[in-house]
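Note sheet for the following structure.
In the numbering used here, the protein residues as written are 7 to 314.
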C-alpha cells in the first residue's frame, strides 16, 4: 500500500500563485542562514503601489512566521507521522523568507514572473539613478571649473562692498564727530544764555521791586500833594483863635487888660505875626499899599509911612 505524500505549497507574496520551491532550500546550513541574516544596503525608495500597473497584482507586506493561520502561506497534506519533520522544514523555510523580507523592502517568496518584473522595475530605477548621478557629476565638474572664477568675482565684489562700507563708516564717524562738536558748542551757548537769562531775570526782579517802590512813593507823594492842595496855607501858618478876652495868632495874645496883664514881648510878637500875615496876603493878592509899607520884623515889626 502506497503511503500518501505530504505536500507543502508557499504562495507568491504578489500574485498569490502557489510556488514550487527549489530542493536546495531543504539543505541550508546554519552558516548560510547567518549570512542571509546580515543587513544589506537599503534598496532605493520605489513606490511599488504607484507602479503596480506593471505587475499583475500587489499584496501588502506579510510575515509567514507571524501568521496565525498556517494555511495562508502553505498547506500540509499527509499522515501525522511525517508532520514533525515537515513542520521543522516549514519553519526553517518560512524563517528564511522572513529574513529576506526583513533585510529588504520586498516581501518573499516571489514567483519567477514577479521576480523578473521586480528586477525590471529595479533596473529601470537604477538607470534613472545613474542618469541622475551623471547629471549631478557633470554639474559638479562644471562647478569645479566655474566656482573659482565666480568665487574670485564674488570676493572682488565683497572687497568693493567692504571698501564702500568702510568709507561710509569713516564718513559716518566724521559726521558723528562734527555733530558732537556742534552739540558741545550748543551746550556752551545754552549755558551762556542761561547765565544771561538769570542775570537779566535778576535785574528785572530788582527793577520791578524798584518800580513798585517808586509807585508807592509816587502814590504817597500824590496823596500828600492832594492833601496840601486841599490845605489852606494861611490857616496852617497863622492860627487865629481866641483865649479868654483876647484874640490870638499863633497862640500869641493881642492886647492886655488891668485884670489880665500880658507881657509886652508877647503882644509885640502877636503884632509881628499880624504884620507878616498882612504882608503875605498883600503879596498873594498882588496888592500894593500906596501910603504905607509893612515891614515884618518879628517883635520889632513896624509900619513905614511912604512919602507922597
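Ideal Cβ placement from N, Cα and C applies to all residues, glycine included.
DSSP three-state call for residue i: helix, strand or coil?
| i | result |
| --- | --- |
| residue 154 | helix |
| residue 17 | strand |
| residue 49 | Low confidence applies here, because residue 49 scores a pLDDT of 47, under 50, leaving its location unreliable and the question unanswered by this model. |
| residue 22 | coil |
| residue 317 | In this structure the chain extends from 7 to 314, so residue 317 is not present and cannot be described. |
| residue 120 | helix |
| residue 125 | helix |
| residue 143 | helix |
| residue 102 | helix |
| residue 27 | coil |
| residue 70 | Residue placement at residue 70 cannot be trusted, given a pLDDT of 45 that sits under 50; what the coordinates show is reported in the next sentence. Note: residue 70 maps to coil in three-state DSSP. |
| residue 54 | Unreliable positioning characterises residue 54 in this predicted model, as indicated by a pLDDT of 49, which lies under 50. A coordinate reading is not provided. |
| residue 313 | coil |
| residue 86 | At residue 86 the pLDDT is 48, less than 50, meaning the model places this residue with poor confidence and gives no usable figure here. |
| residue 113 | coil |
Would a C-beta distance cut-off of 7 Å place residue i and residue j closer than the cut-off?
| i | j | result |
| --- | --- | --- |
| residue 223 | residue 255 | no |
| residue 272 | residue 258 | yes |
| residue 309 | residue 298 | yes |
| residue 25 | residue 16 | yes |
| residue 18 | residue 153 | no |
| residue 274 | residue 313 | no |
With a cut-off of 8 Å on the beta carbons, I'd call residue i and residue j a contact; round off their distance for me.
| i | j | result |
| --- | --- | --- |
| residue 240 | residue 283 | 7 Å |
| residue 277 | residue 260 | 7 Å |
| residue 302 | residue 288 | Not confirmed; about 11 Å, so no contact. |
| residue 112 | residue 127 | Not confirmed; about 10 Å, so no contact. |
Taking C-alpha atoms, which residue in the options lies nearest to residue i?
| i | options | result |
| --- | --- | --- |
| residue 250 | 263, 244, 166 and 238 | 263 |
| residue 103 | 160, 167 and 27 | 27 |
| residue 290 | 140, 238, 187 and 245 | 238 |
| residue 120 | 151, 230, 20 and 148 | 20 |
Should residue i be flagged as near chain D, meaning a C-beta pair shorter than 7 Å?
| i | result |
| --- | --- |
| residue 307 | Within the model displayed, chain D is absent; a lone protein chain is all it includes. |
request  = Give, in chain order, every unbroken run of the alpha helix (DSSP H) that is at least 4 residues long and sits entirely within the region 241-311.
outcome  = 270-290
task = List in chain order: all unbroken alpha helix (DSSP H) runs of 4+ residues lying wholly within the region 161-249.
result = 239-243
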